[in-house]
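Novice: With mature numbering (1 follows the signal peptide of the UniProt record, and there is no 0) applied, the sequence shown corresponds to residues -19 to -1, 1 to 539, in that order.
The beta carbon of each residue, even a glycine, is placed where N, CA and C say it ideally should be.
Remember, it's a predicted structure, so these values are computed and weren't measured experimentally.
Quick one: the structure is below, and I'll ask about it shortly.
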Amino acid sequence: MNRYGILTCAFLLSNILHAGAQQWRSKLYPESPKKVEANFYSDQMIQDFSFAGYHKGDKEIPSGFSTILDVTTAPYHADSSGKQDVTLILQKAIDDAASVKGGAVVFLPQGTYKVSPQKGKKYCLLISHSNTILRGAGQARSRIFNVSAGMRGRAILLVSSGSSWRTEGWALQRIAKDLMAPSTSIPVGSAKDYKPGDLIIIRNYINDDWVADHRMLPYWKGRGGNLGGLLYFRKVISADNKKNILTIDIPTRYALKTAQNSCVYKAPPVLSEVGIEDLSFGNVQSFQEGDWSEESFTKRENPSYESHDSWAVAIEGVYNGWIRKVASCCPTGNLSGAHLLSNGIKLSQTANVSILECDFRKPQFGGGGGNGYMYRIMGNENLIKDCRAEAMRHGFVLSGMNASGNVFFRCIDKDTGRQTGLSGHEKTSGSGSDHHMHFSHSNLFDQCTVENSFFAAGWRRWGGATIHGLTAAHSVYWNLVSNGTQEYGVQTQQGRYGYVIGTSGDKPGVRTTAWLEGTEEITEPLDYTEGIGAGATLIPQSLYLDQQEKRKQREAKD
């Protein structure tokens, strides 16, 4: 291994020869694992990631609805040629769908639908009610085209409950003892105000006790409020009023200590059964000459200022929803080839949302401050499956302490570190798919592929006063394929432990040493690696599918 911690060809070859044609299993995931209560602070562990996605994968996404509102017919008569602005017409159909008992589909037949930001709003279109589905006739057939380049802080489509998980709800109870291992049994002071089916938030508060536990006092001391705390959205299965124990549907994902005021309270209102499917989004590019560099978005006179923090689709406060077969597209007239001004899909404070078979690429701006991300996940137990990101700054990104239990399955990240700018191809300072900031934890990348890119869960010094710092813990990279020009497929420097199990491709190496010298003491010991270069013979090939099958078998016996 050289001084940068990249596995040498000789070592890779020895692993391959050792594995030979023989199939192998990870030492951390035996066929018949023993029941051991592992400690998040001290032990290596492979958690159960089988709960991700719409209804935890236990229910098919619905396809048939009795009410379909065709926006091109009466009473809407929306123009589908792309010549007329139909923002308010589409919004009326979306609002009408909310009043239909049992939900409705807002259907966009083949065509181009021109929209623009609504006056004084942070969106062009808004879904704010449950049981609403926005459906097109196919990615290449139904297109929503936003004609405004002034989209700073806006989304073409916003789906929002208007509430926050951080707002303490009713019946708040402190957790009665430290929970240092994954747990579905939550001891509280009193369980009398809870019943089966209740949706709850389990959280802690980041104080200097937590910061000291994670060796981050020089960087995060006194900044716990900016970090937000661990946040788990869960359903109560049972409430034992005698023992004062709440049993929840999905295990906790990291340690919860009484010294950090860990607690439970009723969840705020959320949207559910919301879907977006079979269409594409495009945004007119900015033609303004000027500075498109890393920090250019901070100055109003630069064209990137209006592109900053803009999104195709932003989802907030949704439980059990989906985005399926949705893509970005290049509007006619975008000479740079840009599909979007900046970002693709954002999930924020969402739980059990599935993003399936989506394809986002080619932002015009990929500068600092959160631009050029195709998928940014800031929620619990979401599933991103068979999705593609291409020609952008960052493909798949996890941000913040409420990003846990998410599964990225069979996704492709290709040609990162790019923006189109005005010329069609410019480099950006950042690249790769990553755990980006502030201790996202216990997530899984399973059978994903990088081409001219890489995955990263490193200690990061960027991010202003509250630096990104410790970005990950107990996250797993399983059976990854890496090809192209990068030196390695994964860089992992996680808190406590991180795991890379099975890699392949022409650049299967793993870096476990630090990007920034001197941070090794914060994240030691080195993360766990196994089967580097031998991913093709790993059993099971998919951790997520294997765990899901085993969970369903257990539940069937119960």
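What did DSSP end up calling LEU198 once you bin it into helix, strand or coil?
Specialist: helix
Novice: Please classify LEU316 as buried or exposed, where buried requires at least 16 other C-beta atoms within 10 Å of its C-beta.
Specialist: With a threshold of 16 other beta carbon atoms within 10 Å, LEU316 falls short and is exposed.
Novice: Straight-line CA distance for GLU275 to PHE389?
Specialist: 28 Å
Novice: Near GLN529, which residues of its chain fall below 8 Å by C-beta distance, leaving aside the five closest residues on each side in sequence?
Specialist: SER31 and GLY38
Novice: Does DSSP put PHE21 in a helix, a strand or coil?
Specialist: coil
Novice: How close, in whole Å, do the beta carbons of THR397 and SER412 come, if the pair is a contact with beta carbons under 8 Å?
Specialist: That belief holds up - the Cβ atoms of THR397 and SER412 are roughly 4 Å apart, short of 8 Å.
Novice: So, under 8 Å CB-CB, LEU89 and LEU260 are touching, yes? Tell me the CB distance rounded to an integer number of Å.
Specialist: 6 Å
Novice: Rounding to the nearest angstrom, what Cα-Cα distance links GLU502 and GLY476 in this structure?
Specialist: Their Cα atoms are separated by approximately 10 Å.
Novice: What do you get for ALA470, buried or exposed, if any count of 16 or more other CB atoms within 10 angstroms of its CB means buried?
Specialist: In the sequence as presented, Ala is not what sits at residue 470; that position holds Gly. Flag for GLY470 reads buried.
Novice: CB-CB under 6 Å to residue 547, same chain, minus the five flanking residues each way: which ones, in chain order?
Specialist: It is not possible to answer for residue 547, since the shown part of the chain is limited to -19 through 539.
Novice: Classify LEU(-3): buried if its beta carbon has 16 or more other beta carbons within 10 angstroms, exposed otherwise.
Specialist: Because LEU(-3) sits at a pLDDT of 42, beneath the cut-off of 50, its placement in the model cannot be relied upon, and the following sentence gives the value as read from the coordinates. Burial call: exposed.
Novice: With 16 as the cutoff for other CB atoms within 10 Å, does TRP201 come out buried or exposed?
Specialist: buried
Novice: Tell me where the alpha helix (DSSP H) around ARG535 begins and ends.
Specialist: 524 to 538
Novice: Using DSSP bridges, identify the partner residues of SER456.
Specialist: In the DSSP assignment, SER456 forms no beta bridge with any residue.
Novice: Rounded C-beta distance between GLY63 and LYS40? I'm assuming under 8 Å.
Specialist: With a Cβ gap of about 37 Å, GLY63 and LYS40 do not count as contacting.
Novice: Whether or not the region 298 to 310 and the region 147 to 160 are in contact is what I'm after, with contact meaning three or more pairs of Cβ atoms, one per stretch, closer than 8 Å; do they touch?
Specialist: The region 147 to 160 and the region 298 to 310 do not touch, with fewer than 3 CB-CB distances between them shorter than 8 Å.
Novice: On the three-state DSSP scale, how would you describe LYS216?
Specialist: In this structure, LYS216 counts as strand in the three-state DSSP scheme.
Novice: Is the region 255 to 270 in contact with the region 175 to 194, if contact means three or more CB pairs nearer than 8 Å?
Specialist: no
Novice: Starting from GLU501, trace the alpha helix (DSSP H) both ways and give me its first and last residue.
Specialist: 501 to 504
Novice: Nearest CA to the CA of SER129: which residue from LYS103, SER141 and SER111?
Specialist: LYS103
Novice: Report the three-state DSSP secondary structure of GLU432 (helix, strand or coil).
Specialist: strand
Novice: Under a three-way DSSP split, which group does LEU208 fall into?
Specialist: LEU208: helix per DSSP, three-state reduction.
Novice: Which residue or residues does DSSP assign as beta-bridge partners of SER62?
Specialist: THR93.
Novice: Taking C-beta to C-beta, are GLN400 and GLN467 nearer than 8 Å?
Specialist: no
Novice: On the criterion of 16 or more Cβ atoms from any shown chain inside 10 Å, does ASN207 qualify as buried, or is it exposed?
Specialist: exposed
Novice: Kindly indicate which residue of VAL431, SER414, ILE70 and ALA118 has the alpha-carbon position closest to the one of LEU106.
Specialist: Closest by alpha carbon: ILE70.
Novice: State the Cα-Cα distance for the pair ASN127 and SER277, rounded to the nearest angstrom.
Specialist: 23 Å
Novice: Should LYS538 be labelled buried (16 or more other beta-carbon atoms within 10 Å of its own) or exposed?
Specialist: exposed
Novice: By the three-class DSSP mapping on this structure, what secondary structure does PHE420 have?
Specialist: coil
Novice: May I ask you to report which of helix, strand or coil DSSP gives ILE75?
Specialist: helix
Novice: Roughly how many angstroms separate the alpha carbons of THR500 and ARG492, rounded to a whole number?
Specialist: 14 Å
Novice: What residue range does the beta strand (DSSP E) around ASN188 cover?
Specialist: Neither: ASN188 is in no beta strand (DSSP E) and is coded neither H nor E.
Novice: Do HIS422 and SER385 come within 8 Å of each other at the CB atom, strictly closer than that value?
Specialist: yes
Novice: Kindly indicate which three-state DSSP category residue 554 falls into: helix, strand or coil?
Specialist: The displayed coordinates of the chain run from -19 to 539. Any statement about residue 554 would go beyond what the structure contains.
Novice: Less than 8 Å between C-beta atoms, sequence neighbours within five positions excluded: which residues of the same chain meet that for TYR286?
Specialist: ARG133, SER277, PHE278, THR279 and LYS280
Novice: If distances are taken between C-alpha atoms only, which option among LEU212, GLU254, VAL245 and LEU139 comes closest to GLY45?
Specialist: It is GLU254.
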